[in-house]
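Under the numbering used here, think of the first position of the sequence shown as 17, with each following residue one higher.
Below is one structure; the comments refer to it alone.
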Amino acid sequence: IILVLILAVLILIGAVSKEENSEKPKEEKDEEEKFEDYLNYINEQWEFEIKYPKDWEKQEETLDAGLAVSFFAPQETSDDLAWENVTVLASTPEQQNFDDLMAQAIEEIPKNPNANLTDYSKVIVSGYPGYKLSYSYVDYYSGKLQSLHYFINAGDKWYQALYVALESTYSQYLPQVQAMIDSFVIK
């Protein structure tokens with residue numbers, strides 16, 4: 017009888033353990049919670065998707081050689097001149113070398129007396145090579161702006177993800193922006 021009870025308990029423990037293991041992994045649960053208050057933007061034509069906060073406004077614009085979709089943070093006041101935003105640009109590249117173009121951009125930004133390149137590095141976004149540039153510049157109407165700019169080379173398509181904010185509010189929105197960049201997927 018004791019042996020049968022031990023065997024029954026072991027079977028019960030195994031069933032409970034199997035049920036617990038069938039739940040989603042912790043990383044997947046954390047990812048879902050991270051994007052709980054986000055919407056998913058999908059563009060089939062340009063083959064990408066990105067998550068953005070539910071309370072941000074989305075605007076799309078078709079360009080001659082691509083697409084621009086912008087996500088705007090809620091305006092702090094009605095006269096807010098520097099509306100914090102993330103813009104994703106998708107385009108087909110001209111016959112130009114991606115790395116040469118980036119080297120030129122990295123060289124040109126510091127030549128502008130109103131701009132300051134603070135950091136740049138090579139990165140991988142959605143499995144594709146790219147560059148991340150951080151820079152600030154002075155806008156006549158808004159004041160001093162801070163930018164975080166990703167350039168991604170997906171072969172026949174190039175993407176940019178650009179975050180722009182007032183220098184004073186840049187850090188406030190950076191966690192949401194980084195979550196957006198982390199969610200960016202090229203299909």
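Ideal placement from N, C-alpha and C gives every residue a C-beta, glycine not left out.
Computed from a predicted structure; not experimentally measured.
Counting along the chain, the unbroken alpha helix (DSSP H) around Gln192 starts and ends at Tyr186 to Ser199. DSSP, reduced to helix, strand and coil, places Gln176 within a strand of the structure shown. Each residue's CA atom was taken as its position, placing Tyr68 and Asn128 some 32 Å apart. Here Gly146 is buried, its C-beta having at least 16 other C-beta atoms within 10 Å. Ranked by Cα distance from Phe51, the first of Lys70, Glu63, Ile58 and Trp174 is Lys70. Measuring C-alpha to C-alpha distances from Lys203 to each of Ser187, Gln192 and Asp172 identifies Asp172 as the nearest. In the structure shown, the three-state DSSP call for Glu76 is strand. At least 8 Å separates the beta-carbon of Leu133 from that of Tyr156. Here DSSP, grouped into helix, strand and coil, assigns Lys203 to coil.
Taking 8 Å as the cut-off, the beta carbon of Tyr175 is found closer than this to the beta carbon of Ala106. About 11 Å separates the Cβ atoms of Glu92 and Tyr189, ruling out a contact at the 8 Å cut-off. Annotation for Phe114: Asn169 place their beta carbon closer than 6 Å to its own, counting only its chain and skipping 5 residues before and after. DSSP places Asp116 within a helical segment (H, G or I) once states are collapsed to three. DSSP lists no bridge partner for Thr108.
Remark: C-beta atoms of Ser142 and Phe200 approach each other more closely than 8 Å. Out of Asn56, Ile197 and Glu63, the CA that lies nearest to the CA of His165 is found in Ile197.
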